[in-house]
Structures are given as structure tokens and as C-alpha cells.
Amino acid sequence: MSTDKRTITVRAPVNIAVIKYWGKRDEKLIIPLNDSISGTLDMEQLCATTSVAISPSFKCNQMWLNGEEVDMTANERLFRCIQEVKTMVGTSQWPADHHLQIASRNNFPTAAGLASSAAGYACLMYALCRLFGVDDAERISTLARLGSGSACRSVYGGFVQWVAGTDHQSSIARQILDEEAWPSMRVLVLVVSDHRKDTSSSSGMKSSVETSDLMKKRVQDIVPQRITQMLTAIKERNFHDFAEITMRDSNQFHAICQDTYPPIHYMNDVSWSVVSLVHYFNKLYGCNKVAYTFDAGPNACLYVLENVVPELLALITAIYGKSESKLEVQGIEYKKHPELNDSLQKYAVVNACPGALKYVISTKLGTGPQVLSTSFDANCLIEESGGIKNNDV
Ligand code: DP6
């Protein structure tokens with residue numbers, strides 16, 4: 001490989017917030033109105049992979065997302081992120097005649113409410129920074145935030161808090177617990193729809209900030225208390241409290257969407273039926289064993305303790321599976337649960353919505369981004385001569 005041509009390929013995780021980020025105090029710098037907390041998901045099931053290459057032999061900057069070329073100049077945030085790195089590393093490392101080629105892909109549906117922009121920007125900024133030898137996680141996270149707010153949390157594994165701050169320097173994410181620290185924690189993503197969402201998070205939250213009265217109460221009084229309670233629940237591995245705060249926060253976020261004028265609608269009937277299922281399941285146990293949370297789309301994300309996953313999956317299959325009670329589960333496998341107890345069986349029969357779920361992704365907490373390669377090898381999505389590899393089209 002010639003020394004004037006360099007490349008790196010990295011992968012970065014999705015994160016799912018348990019205290020939601022919704023609303024900015026600064027649109028350009030992406031400074032949020034409130035702190036948020038999320039879990040980073042294992043990259044074996046959900047991740048973005050990005051290759052970045054730089055060379056004087058590339059004629060211009062080019063980028064491909066899931067095999068499709070994107071206009072890099074049309075996307076203000078993308079342009080800004082790249083400019084920030086360029087300024088940070090200077091012309092000695094990034095001479096004016098050197099151009100970038102970037103290829104990125106997700107192993108899950110883009111813009112289906114599965115936080116694809118978080119994984120995508122964390123991946124891009126991690127790749128760019130590491131290409132130029134910058135490996136300070138806080139710096140990378142701050143840069144990723146400029147692409148998409150929630151991306152700053154995907155730079156760390158385990159549970160992560162994004163401290164809202166008031167400016168570019170003070171708005172930072174930090175790890176609360178690593179991915180090994182709560183080993184029984186599991187996550188099931190119930191994919192209700194993989195269609196592109198109607199209202200993007202960015203425009204939705206802007207509209208909420210401008211029109212929702214509930215939003216002010218949430219930001220001033222509710223979230224600060226919830227953050228403290230959630231930090232305690234996570235540090236004490238108190239699932240019951242963790243679950244209640246998670247569900248209450250998801251509900252409040254969607255209540256704010258409803259209170260936005262005109263209202264925003266992300267959850268659908270299937271989402272609401274998952275809400276009722278989770279409350280029913282927890283009630284039978286007499287304490288919380290499962291927590292739902294919904295982002296800007298209808299898919300449910302369930303945080304759940306490992307020992308109840310087989311029974312929960314059996315119930316989900318009985319309610320949402322296709323007619324022959326089959327439901328595709330991708331990822332971590334569990335032993336088949338022998339039989340649902342009578343109450344759950346009755347519940348499943350009464351509330352059956354056959355075929356309502358496309359599939360389930362079964363995963364757990366995972367690490368922050370990882371470098372996969374630093375050469376134009378099989379992992380790299382870009383050809384050494386430029387352009388994306390055929391198998392990425
Ligand atoms: C509902 O990070 O996608 O997923 O900063 O405008 O890019 P921008 O928004 P984005 O918003 C995510 C919102 C959320 C909640 C969360 O992840 O905290």
C-alpha cells in the first residue's frame with residue numbers, strides 16, 4: 001500500500017435511550033435541553049460499519065450509504081463534521097489535494113426508528129478520528145454529537161449518560177457502567193415496521209420545543225429527578241426501578257409528541273399492544289421483569305432480565321407470530337420455553353395479532369466502536385483504486 005493512501009474500517013453500535021433526549025437548546029451545536037441515559041447494544045446484532053480512505057489520487061470527496069451514493073455537500077451536518085476533523089488535524093495531516101472516500105452500511109433498516117443516525121455518525125467520526133491518530137473518546141463523542149445528538153452516546157459501551165451542558169465543551173457523554181457490569185441485562189427489539197418514519201427526530205423535537213407546554217415541565221422538573229433515580233437504579237442493578245423509570249420516560253416522551261401542535265404520532269396499535277403486554281407480564285410476576293421503550297418509530301425495545309426471556313419470547317410468539325405461531329428471532333438464542341402459564345396463555349389467545357411483528361432482534365449490552373482493519377483488506381468497503389466494492393452495492 002502506498003503511504004499517501006490510507007484507510008480504516010470501523011464498526012459502531014446502536015444505543016437505545018431509557019431517559020430520552022428530546023429537544024435542543026442549540027440547533028447548530030446540538031446541545032440538548034436535558035440529560036439523557038442509554039444502553040449501548042451489542043454490535044453482533046446491530047451496528048454500522050464504515051470505511052474511510054484518504055488519498056491524493058481520489059478526484060473528489062465521495063460517500064456511499066448502504067451502497068447508494070449520497071451528496072455530501074447537501075447534508076449540512078455531515079459537511080460540518082468533516083470540516084471539524086479537517087480543522088482539528090490541520091493541513092500537515094490532511095493536505096488540500098487529498099480527498100476522502102467513505103462507505104457506510106447498517107446491518108439493520110435505516111431510519112426505522114432504530115437509532116441508525118446514532119450508530120452512523122459515531123462510526124464515521126470514530127473512523128475519521130482514528131484515521132488521523134486521534135483516539136480520545138470524549139473528543140470523538142463531542143464531534144459525533146454534531147452529526148446527530150444521540151450519536152455521542154454510541155461512542156461508549158454499557159450504560160451511558162449524555163450530560164446536556166450548555167455549550168460545545170460541556171455537552172458530553174460519559175460511561176456509567178460498562179457492558180459487563182450488569183450481565184443478566186438483555187434487550188429484545190420487536191420490529192413492527194421497517195418503513196421510513198414520517199417525522200424525523202430532528203424536526204419532531206424542534207416542533208415539540210416550539211409548541212408543547214408539557215415539554216417545559218419535563219425539562220425543568222421531571223428529567224433532573226429521573227436522571228438521579230436512574231443512575232441509582234443502574235448502579236444498584238435494581239431492575240424493578242430501572243424498568244419503571246424507563247417505561248415512564250418513554251410514555252412521557254410520547255405524551256409530549258401528542259402535546260406537540262400539530263401532534264406527532266410515532267407509536268401505532270401494535271406498539272400499544274406491546275405496552276399492555278409488558279404491564280400484564282410484570283403484574284403476574286408482582287414486580288417488573290421487562291421494560292418497554294419506544295423511540296421515534298413504532299418498534300418496541302424491551303430491556304429484560306435474562307431468566308424471563310424464554311417465557312417472554314413464547315408469549316410474544318403466541319401473540320404476534322404468524323398463524324403457525326412462528327416468529328423469526330435473530331441473534332442470541334434461548335431454550336424453548338415449555339409452556340406458558342394459564343394466565344399468559346389466556347392473554348395470548350385474547351390479544352392475538354398474528355403477523356404484526358416482522359421479526360425480533362435478540363441482543364444484549366455491548367461495547368463502544370471497534371477498529372476492524374487499517375488496510376484495503378476484505379473488511380474494507382472501499383476499493384484501493386477508489387469507489388465502493390461491488391458486494392456493497
Ligand atoms: C427519540 O439523535 O436522532 O431517539 O440530534 O436531531 O439528530 P438529532 O436527533 P436524534 O434524536 C434521537 C431521539 C430519540 C431519543 C434518544 O435517543 O434519546
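If you're matching positions, the sequence shown starts at 1 in my numbering and goes up one per residue. For glycine and all other residues, C-beta sits at the position ideal for the given N, C-alpha and C.
query = Cα-Cα, which of E306, E384 and V209 is closest to F239?
reply = E306
task = Could you give the DSSP three-state label for P369: helix, strand or coil?
result = coil
request  = Would you identify the three-state DSSP class for Y303, choosing helix, strand or coil?
outcome  = Of the three classes helix, strand and coil, the one that applies to Y303 here is strand, per DSSP.
task = Give me the Cα-Cα distance between V275 and Y292, rounded to the nearest whole angstrom.
result = 7 Å
inquiry  = Assuming W162 is part of the beta strand (DSSP E), what are its boundary residues?
reply    = Start and end: F159 to V163.
task = Under the assumption that I140 contacts M125 (Cβ atoms under 8 Å), give the Cβ distance between them as a whole number of angstroms.
result = 5 Å
Distance between E68 and E179 (C-alpha atoms, nearest Å) = 33 Å
ask   = Does DSSP classify S2 as helix, strand or coil?
value = In this prediction, S2 has a pLDDT of 45, which is less than 50 and means its spatial position is unreliable; nothing more can be read from the coordinates.
key: DSSP beta-bridge partners of A17   = S38
query = Cα separation between I172 and L78?
reply = If I take the Cα positions, the gap works out to 19 Å.
key: CB contact flag (M215, I176, <9 Å)   = no
ask   = Alpha carbon to alpha carbon, what distance is there between I332 and I361?
value = 8 Å
ask   = Alpha carbon to alpha carbon, what distance is there between A119 and M247?
value = 23 Å
key: Host beta strand (DSSP E) of L364 (start-end)   = Correcting the residue identity first, residue 364 is Lys in this sequence and not Leu. Per DSSP, the unbroken beta strand (DSSP E) holding K364 starts and ends at Y359 to K364.
ask   = Can you find a CB in chain C that lies within less than 9 Å of the CB of D4?
value = The structure shown contains no chain C; it is built from a single protein chain.
query = If you run the structure through DSSP and keep just helix, strand and coil, what is T293?
reply = Of the three classes helix, strand and coil, the one that applies to T293 here is strand, per DSSP.
ask   = For K335 versus P310, is the C-beta distance shorter than 9 Å?
value = If you check the CB distance, K335 and P310 come in under 9 Å.
message = Please list the terminal residues of the continuous beta strand (DSSP E) segment that includes C47.
response = C47 to S55
inquiry  = Can you tell me whether H412 is helix, strand or coil according to DSSP?
reply    = Residue 412 is absent from the model: the chain starts at 1 and stops at 393.
query = Could you check where the alpha helix (DSSP H) with L312 kicks off and where it finishes?
reply = V309 to Y320
task = Can you give me the Cβ contacts of G366 inside the same chain, cut-off strictly under 7 Å, excluding the 5 residues immediately before and after it?
result = P13, T40, L41, D42, M43, G157 and E179
key: Whole-number beta carbon distance between N61 and N106, since they are thought to touch under 8 Å   = Between N61 and N106 the Cβ distance is about 21 Å, and since that is not below 8 Å, they are no contact.
task = Report all residues from its chain with a CB closer than 8 Å to the CB of T166; omit the five preceding and five following residues, and keep chain order.
result = R25 and I31
query = Is the beta carbon of Y156 within less than 8 Å of some heavy atom of the ligand DP6?
reply = no
query = Quick one: does the C-beta of I30 sit closer than 8 Å to a heavy atom of the ligand DP6?
reply = yes
inquiry  = If you measure between the beta carbons of Y266 and T211, is that distance less than 9 Å?
reply    = Contact flag unset, no.
ask   = Beta carbon of A118: closer than 8 Å to some heavy atom of the ligand DP6?
value = Yes, since a heavy atom of the ligand DP6 falls inside the 8 Å radius drawn around the Cβ of A118.
inquiry  = Assuming the contact rule is C-beta atoms closer than 8 Å, A53 and R6 should be a hit. Round their C-beta distance to whole Å, please.
reply    = Yes, they are in contact, since the Cβ atoms of A53 and R6 sit about 7 Å apart, within 8 Å.
query = Which one of L29, L131, K389 and L46 has the shortest CA to CA distance from S148?
reply = L29
query = Sorry if obvious, but does the Cβ on A17 come closer than 8 Å to a heavy atom of the ligand DP6?
reply = yes
query = What three-state label does DSSP hand M247 in the structure shown?
reply = helix
Between the CA atoms of A96 and K235 - distance to the nearest angstrom = Pairing K235 with A96, the inter-Cα distance amounts to about 48 Å.
message = Between which two residues does the beta strand (DSSP E) holding M63 run?
response = Q62 to L65
key: Residue range of the unbroken beta strand (DSSP E) whose run includes D135   = Premise fails: D135 is in no beta strand (DSSP E) and is neither H nor E.
For Q330, the residue or residues it bridges with in DSSP = I361
request  = Indicate the three-state DSSP secondary structure (helix, strand or coil) for D241 in the structure shown.
outcome  = Looking at D241 - three-state DSSP - the assignment turns out to be helix.
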